[in-house]
Amino acid sequence: METNEVQQQFFNYLRQSMPAHLSLVDELMDLLDISADSVYRRLRGEKPITLSELKLICEKYHISLDHVLQLQQDAVVFSAPDISRSYEDFNAYLNGYLVQLRYFNSFAEKQLLYLCKDVPVWHFFSYPEVAAFKTFVWLKTILNIPAYANKRFSLAEFPFEDCYRLGQEMISLYNQIPSVELWNFESINSTVRQLEYYRDAGIFSQPSDIAVIAESFERSIDHIQLQAEKGVKFLPGSTDVTHRAPLKFYINEVILGNNSILAELNGNKVSFVNYNVINYLFTKDQRFSEILFSNFYTLMSRSTLISGTGEKERNRFFSALKERIRKIS
């Protein structure tokens, strides 16, 4: 393949990966600090891009040359945006989610598919008490932040109000994206077990907080049930839900799931694979994503839709979840 053909192939891939409202020419003018004429000459393959320019473009738009040029047919390249971050300030982690959700919302056509081994992270920020508890667990038990090693939890000492505010913003962005979620009767188990472990290990400074957090968690599940009933996403207390994105909610009684998140953005597929409990790798490799999407739809075909329909199954499912929560305290 000629050099100019390779270069045009690269720019075609870049153009397809960008939201439709963005101008590739304007983006490259700003990024490379060159004129519009210089950009057009590079797009047409009349002027080769330099290695330094190529590096800038790939870094900004998370592009793998291996993938674009198919240098290794059996290789899949992933990005790990969390690999160099420190989460002693948990705001950084939540801001990473906000950046990603804003990116999703920049596309005219968008959809999220979520295979829920656990409750999706944004659902914990519907109410402040369960949000504070989960934030503490993530910092102390999952991320093993030294400052929390000898700390016991209390709602008074660790309200994590900044995190809750960011979480509310995260929900607002998530509510704008049409979504399909596949849940299981086990999806709440990790949070229930965390509450039970902290209770039994004496990590609550105020034992009375246990019931408050459990009640807050149950209210979160109530709100998820209400959204499933209406088939749309909205904040607690909201009465006007007509402008919110649709939610398709399925229960699968066979497969537990793995917390994979799949996104379809203007026809392009992106896959997020969970690791280290709360972190994600992501790839734009269409071959890999096609496999995950196919598997998701296979599971969906073997699941029961309970949003907007299936009242009996919906009530049975959520009643079982809430009964499990009530046993904590």
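Position 301, counted from 1, in the sequence shown is what this note's numbering calls 301; the numbers after and before it change by one each time, with no gaps. Positions of the beta carbon are idealized from the N, C-alpha and C atoms, including for glycine. If you're wondering where the values come from, they're calculated on a predicted model, not measured in any experiment.
CA nearest to the CA of LYS233, picked from PRO207, PHE204, GLN176 and ASN259
GLN176
Are the beta-carbon atoms belonging to PHE282 and SER271 less than 8 Å from one another?
yes
Short Cβ contact (8 Å threshold) for SER205 with GLU157
yes
Using C-beta distances below 7 Å, list every residue in its chain close to PHE318, excluding the 5 sequence neighbours before and after it, in chain order.
ILE221 and GLN225
LEU14 to ASN274, Cα distance in whole Å?
26 Å
Around the C-beta of THR135, are 16 or more other C-beta atoms found within 10 angstroms, so that it is buried, or is it exposed?
buried
Counting pairs of Cβ atoms below 8 Å between the stretch 300 to 310 and the stretch 245 to 263, do you hit three or more?
yes
Relative to the C-alpha of CYS116, which candidate in ARG324, SER179 and LEU139 has its C-alpha closest?
SER179
Put TYR93 into one of helix, strand or coil per three-state DSSP.
helix
Identify whether PRO128 lies in helix, strand or coil by the three-state DSSP scheme.
helix
Pair within 8 Å by beta-carbon distance, SER187 and ASP118:
yes
Rounded to the nearest angstrom, what separates ILE213 and SER190 at their Cα positions?
15 Å
Do you know whose CA, among LYS60, ILE291, TYR40 and THR309, lies nearest VAL76's CA?
ILE291
Which whole-angstrom value is the C-beta distance of LEU31 and LEU56, which I expect to be below 8 Å?
6 Å
Tell me the rounded alpha-carbon separation between TYR93 and ALA80.
13 Å
Leaving out five residues on either side along the sequence, give the residues of the same chain with a beta carbon under 7 Å from the beta carbon of ALA320.
PHE185
GLN286 versus LEU22: straight-line alpha-carbon distance, rounded
22 Å
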